[in-house]
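S.K.: Each step along the sequence shown adds one to the number in the numbering used here, with nothing skipped, and position 58 is 68.
Yeah, the Cβ is synthetic: ideal placement off N, Cα and C, and Gly gets one too.
These figures come from a predicted structure and were not determined experimentally.
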Amino acid sequence: MDALSSVMSLLKPQSYGIRGLDAGREWSIDFPAYEGIRCYALVHGTCWLEMAGLVHPLRIDTGDCVLLPRGQAFRFYSTLEAESISVIPLISAVEEGNFMVVNGGGDCSGLGAYFAFQGLQANMLLKMLPPLVHFHREEDKSSLRWYLERLMGELRTPQPGGFLIAEE
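(1) Determine, using beta carbons only, whether residue 38 and residue 90 come nearer to each other than 9 angstroms.
(2) Please classify residue 129 as buried or exposed, where buried requires at least 16 neighbouring CB atoms within 10 angstroms.
(3) Looking at residue 142: is its Cβ nearer than 9 angstroms to the Cβ of residue 52?
(4) To the nearest angstrom, how far is it from the Cα of residue 125 to the Cα of residue 50?
(5) Alpha carbon to alpha carbon, what distance is there between residue 71 and residue 47?
(6) Taking Cβ to Cβ, would you say residue 34 is nearer than 9 angstroms to residue 116?
(7) Kindly indicate which three-state DSSP category residue 88 falls into: helix, strand or coil?
(8) Let me make sure I understand the geometry here. Which of 81, 88, 96, 32 has the alpha-carbon closest to that of residue 114?
(9) Cα separation between residue 81 and residue 40?
(10) Any beta carbon from chain B within less than 9 angstroms of residue 27's own beta carbon?
(11) Given this structure, state the Cα-to-Cα distance separating residue 145 from residue 75, to the nearest angstrom.
(12) Less than 9 angstroms between the beta carbons of residue 30 and residue 134, yes or no?
(13) Straight-line CA distance for residue 42 to residue 96?
(14) Within its chain, find whatever has a CB closer than 8 angstroms to the CB of residue 64; leave out the 5 residues flanking it on each side and keep chain order.
(15) Give me the Cβ distance between residue 61 and residue 92, rounded to the nearest whole Å; I'm assuming they're in contact under 8 angstroms.
(16) For residue 26, write down the residues that DSSP places opposite it in a beta bridge.
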């Protein structure tokens with residue numbers, strides 16, 4: 011079992027959600043502080059991640075995955091010149107398992123998930139992780155991408171027992 015799977019099995023998510031993002035042209039999206047873990051897999055294109063504590067923005071390319079376990083606010087964007095918008099209205103307008111479309115989409119797309127946890131053990135484990143994990147090894151990226159795609163598919167077209175699969 012990989013390290014991420016080990017941590018997730020110990021934490022037992024209390025709630026979770028997943029959506030896709032399909033952005034076009036110049037765009038910038040602010041994500042507020044949160045509880046739990048967020049993870050993202052870029053399916054197509056290139057974007058940047060900016061958050062407190064990073065000396066320079068992180069470039070994210072097709073196939074890359076990132077894990078954000080500390081709850082810090084952050085921003086994904088295509089260019090610094092783009093006016094930033096809040097992710098909250100975008101998320102509110104799209105059902106779980108579907109894509110949020112910004113500026114017509116087509117240039118950059120990815121999957122994002124959040125997992126919220128309860129309890130002292132969860133807080134202690136999450137604080138032990140670095141604020142940002144950028145997956146470089148192909149097998150790590152493939153595993154996380156596969157998991158997010160499967161979870162998104164289950165939320166889009168529920169099957170018997172799917173809730174239990176998603177919880178695992």
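M.R.: Let me lay it out:
(1) yes
(2) That one is exposed.
(3) no
(4) 12 angstroms
(5) 21 angstroms
(6) Contact flag set, yes.
(7) coil
(8) 32
(9) 13 angstroms
(10) Structure shown: chain B not included; a single protein chain is present.
(11) 5 angstroms
(12) Not in contact: residue 30 and residue 134 (Cβ atoms no closer than 9 angstroms).
(13) 8 angstroms
(14) 142
(15) Rounded, the Cβ-Cβ distance is 17 angstroms, inconsistent with contact.
(16) 125
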